[in-house]
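So the sequences go chain by chain: H and W. Residues 11 to 503 in my numbering are what the first sequence spells out, letter by letter. Residues 11 to 503 in my numbering are what the second sequence spells out, letter by letter. Yeah, the Cβ is synthetic: ideal placement off N, Cα and C, and Gly gets one too. Treat the numbers as computed from the prediction; the structure is a model and nothing was measured. Worksheet for the structure shown next.
There are 2 protein chains.
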Amino acid sequence: MRKVRTLGLLGTGVIGGGWAARALHFGIDVIAADVKPEMEEWIRGAIANAEPALARLTFAPLPPKGKLSFTTDMRAMAEKADFIQENIPEQLALKQRMLAEVSRYAAADVIIASSTSGLTPTDLQRDMVAPERFLVAHPFNPVYLLPLVELVGGAKTAPATIEAAAEFLTYIGMHALRVRREVPGHLTDRLQEAIWREILHMVNEGVATTGELDESIIYGPGLRWAAMGTNMIYHLAGGESGMRHMLAQFGPALKWPWTKLEAPELTESLIDKMVEGTQAQAAGRSIRELERLRDDYLVAIQQVLRQYDIGAGSTLRALEERLYKDAGAAAAAASPAGALPRYDAVVRPEWTDYNNHMTDFRYGHLFGDAMDALYRAAGVDAVYRQGGRMFYTVESHVKHLGEAKVGEPLYVTTQVLGVDDKRLHVFHRLYRAADDALLATGEQMHLHVDTAAAKAAPMSAAVRSRLDVLAKAHAGLSLPDAAGKPVGARAKH
Amino acid sequence: MRKVRTLGLLGTGVIGGGWAARALHFGIDVIAADVKPEMEEWIRGAIANAEPALARLTFAPLPPKGKLSFTTDMRAMAEKADFIQENIPEQLALKQRMLAEVSRYAAADVIIASSTSGLTPTDLQRDMVAPERFLVAHPFNPVYLLPLVELVGGAKTAPATIEAAAEFLTYIGMHALRVRREVPGHLTDRLQEAIWREILHMVNEGVATTGELDESIIYGPGLRWAAMGTNMIYHLAGGESGMRHMLAQFGPALKWPWTKLEAPELTESLIDKMVEGTQAQAAGRSIRELERLRDDYLVAIQQVLRQYDIGAGSTLRALEERLYKDAGAAAAAASPAGALPRYDAVVRPEWTDYNNHMTDFRYGHLFGDAMDALYRAAGVDAVYRQGGRMFYTVESHVKHLGEAKVGEPLYVTTQVLGVDDKRLHVFHRLYRAADDALLATGEQMHLHVDTAAAKAAPMSAAVRSRLDVLAKAHAGLSLPDAAGKPVGARAKH
Chain H
11 MRKVRTLGLL GTGVIGGGWA ARALHFGIDV IAADVKPEME EWIRGAIANA
61 EPALARLTFA PLPPKGKLSF TTDMRAMAEK ADFIQENIPE QLALKQRMLA
111 EVSRYAAADV IIASSTSGLT PTDLQRDMVA PERFLVAHPF NPVYLLPLVE
161 LVGGAKTAPA TIEAAAEFLT YIGMHALRVR REVPGHLTDR LQEAIWREIL
211 HMVNEGVATT GELDESIIYG PGLRWAAMGT NMIYHLAGGE SGMRHMLAQF
261 GPALKWPWTK LEAPELTESL IDKMVEGTQA QAAGRSIREL ERLRDDYLVA
311 IQQVLRQYDI GAGSTLRALE ERLYKDAGAA AAAASPAGAL PRYDAVVRPE
361 WTDYNNHMTD FRYGHLFGDA MDALYRAAGV DAVYRQGGRM FYTVESHVKH
411 LGEAKVGEPL YVTTQVLGVD DKRLHVFHRL YRAADDALLA TGEQMHLHVD
461 TAAAKAAPMS AAVRSRLDVL AKAHAGLSLP DAAGKPVGAR AKH
Chain W
11 MRKVRTLGLL GTGVIGGGWA ARALHFGIDV IAADVKPEME EWIRGAIANA
61 EPALARLTFA PLPPKGKLSF TTDMRAMAEK ADFIQENIPE QLALKQRMLA
111 EVSRYAAADV IIASSTSGLT PTDLQRDMVA PERFLVAHPF NPVYLLPLVE
161 LVGGAKTAPA TIEAAAEFLT YIGMHALRVR REVPGHLTDR LQEAIWREIL
211 HMVNEGVATT GELDESIIYG PGLRWAAMGT NMIYHLAGGE SGMRHMLAQF
261 GPALKWPWTK LEAPELTESL IDKMVEGTQA QAAGRSIREL ERLRDDYLVA
311 IQQVLRQYDI GAGSTLRALE ERLYKDAGAA AAAASPAGAL PRYDAVVRPE
361 WTDYNNHMTD FRYGHLFGDA MDALYRAAGV DAVYRQGGRM FYTVESHVKH
411 LGEAKVGEPL YVTTQVLGVD DKRLHVFHRL YRAADDALLA TGEQMHLHVD
461 TAAAKAAPMS AAVRSRLDVL AKAHAGLSLP DAAGKPVGAR AKH
């Protein structure tokens with residue numbers, strides 16, 4: 011088969027647009043063919059909408075983007091493409107006719123693939139010229155972000171076609187799943203359709219709303235399914251003896267009316283296939299090891315979802331709001347008057363590098379977080395910033411005196427060395443909480459700016475007066491030795 | 011109902027251990043009751059195994075951990091607990107007998123909940139004293155990490171019981187899903203069971219292995235299910251007219267043999283329920299808005315999975331390895347001799363703060379990444395560090411001269427100002443790639459250390475000589491104005 015530099019699309023729509031965005035992003039030219047000329051504008055819009063997310067999928071260096079062209083002439087597309095992907099409506103006769111036609115225009119070493127969700131390749135390739143270069147390559151929406159593509163060959167498909175298609179699809183970032191036998195719905199849509207039909211029954215019978223049924227997945231099994239399928243998850247649920255124990259324990263439930271779908275008979279031969287399959291998946295890893303991996307990704311995914319305030323991430327946010335509130339009340343009751351403002355933190359695993367020590371720039375991160383807390387206390391909050399005013403850090407001099415290990419509780423104190431209309435000069439000290447060891451100092455100059463004018467401007471009187479209170483309270487403290495020194499100067503101890 | 015300070019567990023096992031770990035972590039005392047005394051050691055082990063992941067779930071301040079005690083006497087547990095959670099084997103008669111017994115020992119204002127996967131509360135509460143305080147509270151494994159808990163009341167359950175249980179379970183970080191009608195399997199397990207039975211059919215008929223079926227989920231729909239359920243996902247797949255269009259387009263597929271599960275008739279009334287349900291879920295957000303949210307979390311989850319080299323994260327890793335290799339070959343061919351070492355990067359969304367400007371400490375992050383690249387080139391790699399030698403940053407003075415916006419390409423150049431046996435003095439400049447504007451400078455002193463002895467030590471001769479080559483090449487360049495100055499000094503321009 012030939013090297014793919016140009017992808018031809020037979021039909022556009024949501025799936026065709028997704029294929030175009032993915033291929034262009036990874037440096038492949040695309041010729042989109044659609045009988046409706048208005049689809050040119052449509053597909054350009056779809057590609058533009060995909061771009062912001064695609065641009066963040068990987069920060070590895072990319073080849074120059076591919077070029078998009080559009081035609082209403084299927085033949086013009088077929089004569090230029092190195093690989094043709096069909097995305098027309100899910101009607102067998104229509105697909106058969108169009109695939110047969112395009113196969114007459116494309117050279118015999120051009121692979122032709124169908125995006126069909128559930129039609130089988132033997133049916134689709136029936137009337138094609140050179141049907142051995144045909145296969146089903148079924149992607150998932152959004153095609154530009156989800157890596158899965160099911161590859162299914164028909165009775166006349168050559169094995170080399172499957173391998174060449176897998177190579178190209180891997181090149182554009184996909185995971186090629188080779189389906190060993192054609193069945194309606196391939197693999198994924200059979201599983202999705204089973205859930206979907208059960209949902210329709212439950213909504214139909216008034217057992218639950220669509221929203222409740224979605225919640226029943228996204229706060230529980232859905233989090234697990236992001237990286238382990240039902241079989242591996244049940245293998246873990248079985249404890250040390252894995253899938254075999256799980257089948258013994260929950261086998262009887264297969265006879266219970268837990269879904270409208272009847273289960274097959276749980277024969278010895280089926281049990282053996284399930285156990286052998288999951289053992290191959292475990293690949294020698296113990297249940298304990300796999301549990302750790304599962305726990306790691308479950309934690310990490312929930313923290314990611316928190317950023318977007320969605321699903322389990324919203325639950326975590328609400329929990330943390332309550333925890334911060336409870337802790338704030340306790341701290342306010344315990345803080346001595348006149349002390350330097352104190353900011354508490356713990357060294358997170360993602361802040362560490364070789365040796366589990368906190369990475370150098372995270373010291374600056376903690377000083378930044380301490381400044382945020384100080385600003386909030388001085389009245390510089392979201393509302394203040396919406397008025398177009400904020401503080402910028404103009405200079406920062408960090409001296410590293412000790413190491414911090416993952417999980418260690420730390421705290422930062424902040425001494426205000428000086429304030430004027432536009433400038434705030436501070437000195438941070440970072441301590442380990444366990445023994446109050448000084449781990450770093452940070453001297454910083456902050457400038458108050460008018461963001462619209464993009465220049466220095468006086469801070470509000472209210473903020474100034476709150477910072478003055480701190481400066482006055484801290485003036486009695488001696489000037490830190492490390493302040494006012496260039497890099498490399500020896501401190502006088 | 012009373013405030014819950016002590017959770018009583020009736021039965022331990024994987025689910026009981028998960029409840030214990032979660033409750034203790036959020037400050038609730040736990041009394042675990044099990045007839046088998048050896049389960050005391052077992053549950054302590056289970057709690058210890060849960061701790062590493064739980065400790066990273068949130069970094070918000072936590073109350074002091076709860077205390078665990080164990081007893082083989084159900085009555086002793088029931089008399090001290092404020093809330094009792096039953097986790098014994100899934101046998102109706104056994105559960106009925108044990109729940110009736112424990113209900114005679116526990117005061118009438120103590121809620122009693124069952125972890126049952128699929129038995130119904132009306133059956134379970136039949137023989138209980140004060141059955142109005144009974145409900146099903148069905149959690150998911152691992153209970154200490156997954157927030158979902160299904161709450162189901164029986165014929166005799168008081169509405170106040172459901173609300174009080176929801177309050178306590180929310181307190182320990184869970185998402186309480188109120189199930190409006192009892193059905194075998196509640197909601198979640200009906201959906202899971204439909205997938206599970208379809209999997210068993212496919213393995214039984216030799217269509218696919220357990221591993222292939224797991225892949226068919228984790229590289230595609232599973233990523234979506236982490237934060238949106240099937241209904242919301244299909245609403246998005248329907249384009250601007252959402253679920254209604256989707257049902258019109260894929261309704262006929264409900265008659266196709268895509269699963270062994272027969273679908274219900276797609277009546278007008280069912281269509282209305284599906285459309286109204288998903289419209290309520292969309293809560294006024296447009297398809298476009300929801301697509302952006304979906305794309306955001308799909309990208310973020312894949313980046314998280316990359317860290318653990320699992321599922322779609324492995325696909326992304328393999329892709330990036332190829333991209334870096336391709337780019338490295340291209341760059342080596344294009345780099346001019348004698349230039350300052352250059353490190354390229356793009357401002358990532360998670361590096362920005364208010365206004366989409368890069369946060370102050372990320373300038374230090376980029377200087378750190380530039381140093382890593384320079385060290386790698388000088389032979390300081392993983393193998394070198396395994397020998398117990400590395401460089402520590404001892405001081406860092408950053409001057410901020412301009413802003414960087416999200417998505418902007420930047421680059422760092424690094425000038426070696428001096429090297430001796432143990433010290434490396436460098437000067438970084440951060441530029442915007444589009445116009446070569448200087449955005450920041452960073453003067454740093456690095457110290458070579460013997461990590462075992464925890465003190466400064468000479469670097470290897472090979473590393474020293476590579477750094478000397480750079481120092482000599484850079485000595486001809488003028489000393490940067492900003493070098494050697496304290497914070498607040500004015501540069502001579």
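W:R188 is the residue among W:I228, W:R302, W:M184 and W:R188 whose C-alpha sits nearest the C-alpha of I172 (chain W).
Within the segment 292-311 of chain W, contact with chain H at the beta-carbon level (separation under 8 Å) is assigned to R298, E301, R302, L303, R304, D305, D306, Y307, L308, V309, A310 and I311. Here the alpha carbons of D446 (chain W) and W268 (chain W) stand approximately 58 Å from one another.
Put simply, the CB of R207 (chain H) is near chain W, with a gap under 8 Å to one of its CB atoms. Within the segment 170-185 of chain H, the residues whose Cβ lies closer than 7 Å to some Cβ of chain W are G183 and H185, listed in chain order. Contact between D199 (chain W) and T240 (chain H) fails: their C-beta atoms lie close to 12 Å from each other, not under 8 Å. For the options W:F401, W:L449 and W:T277, the alpha carbon positioned closest to that of K415 (chain W) is the one of W:L449.
Minimum Cα-Cα distance from A462 (chain W) among the listed residues W:M455, W:G428, W:M400 and W:E272 corresponds to W:M400. Rounded to the nearest whole angstrom, the CA to CA distance from M242 (chain H) to L104 (chain W) is 30 Å.
Boundaries of the alpha helix (DSSP H) harbouring L210 (chain H): T198 to N214, taken from the DSSP string. When secondary structure is reduced to three states using DSSP, L145 (chain H) falls in the strand class.
Distance from the CA of A140 (chain W) to the CA of P274 (chain H), rounded to the nearest whole angstrom, comes to 41 Å. Membership of D379 (chain H) in the alpha helix (DSSP H) is indicated by the continuous run D370 to A388. Taking a beta-carbon distance threshold of 8 Å, F80 (chain H) does not count as an interface residue toward chain W.
Between H367 (chain H) and E405 (chain H), the C-beta spacing is not below 8 Å.
Using beta-carbon distances, T424 (chain H) does not count as an interface residue toward chain W, since no partner is under 8 Å.
Using a Cβ-Cβ cut-off of 9 Å, S406 (chain H) is close to D370, F371, Y373, G374, S406, H407, V408, K409, H410 and V497 of chain W, given in chain order. Neighbours of V193 (chain W) across chain H, judged by C-beta separation under 7 Å: V217. Sixteen is the threshold: since fewer than 16 other Cβ atoms of the shown chains lie within 10 Å of the Cβ of S251 (chain H), the residue is exposed. By the rule that beta-carbons nearer than 8 Å mark a contact, R114 (chain W) does not touch chain H. No Cβ-Cβ contact shorter than 8 Å links Y373 (chain H) with Y421 (chain H). Closest in C-alpha terms to L145 (chain H), from the list H:P152, H:K166 and H:P157, comes H:K166. Burial is judged here by how many other beta carbons sit within 10 angstroms of a residue's own beta carbon; E177 (chain W) has fewer than 16 and is exposed. Assigned with DSSP and collapsed to three states, Y402 (chain H) falls in strand. Interface flag for P157 (chain H) against chain W is set, since a Cβ pair is found closer than 8 Å. If you look at D354 (chain W), you'll find it in the beta strand (DSSP E) that goes R352 to V356. Against chain H, the CB of N97 (chain W) has no partner CB under 8 Å away; the residue lies outside that interface. By the neighbour-count criterion, in which a residue is buried when 16 or more other Cβ atoms sit within 10 angstroms of its Cβ, Q396 (chain W) is exposed.
With contacts defined as CB atoms closer than 8 Å, G494 (chain W) and P496 (chain H) qualify as a contacting pair. Judged by DSSP in its simplified three-state form, L434 (chain W) adopts strand.
Contact of V357 (chain W) with chain H by beta-carbon distance below 8 Å is absent, the smallest such distance being about 10 Å.
Spatial neighbours of A443 (chain W) in its own chain (CB-CB distance under 7 Å, excluding positions within 5 residues in sequence) are listed in chain order as P419, L420 and Y421. When DSSP assignments are scanned along the segment 65-122 of chain H, the uninterrupted stretches of beta strand (DSSP E) that are 3 or more residues long and fall wholly within it turn out to be 78-81 and 93-96.
Taking 8 Å as the cut-off, the beta carbon of K90 (chain H) is found closer than this to the beta carbon of T16 (chain H). Short of 8 Å from the beta carbon of D83 (chain W), and not among the five residues preceding or following it, lie these beta carbons of its own chain, in chain order: A43. In the three-state reduction of the DSSP assignment, T362 (chain W) falls in the strand class, which pools E and B.
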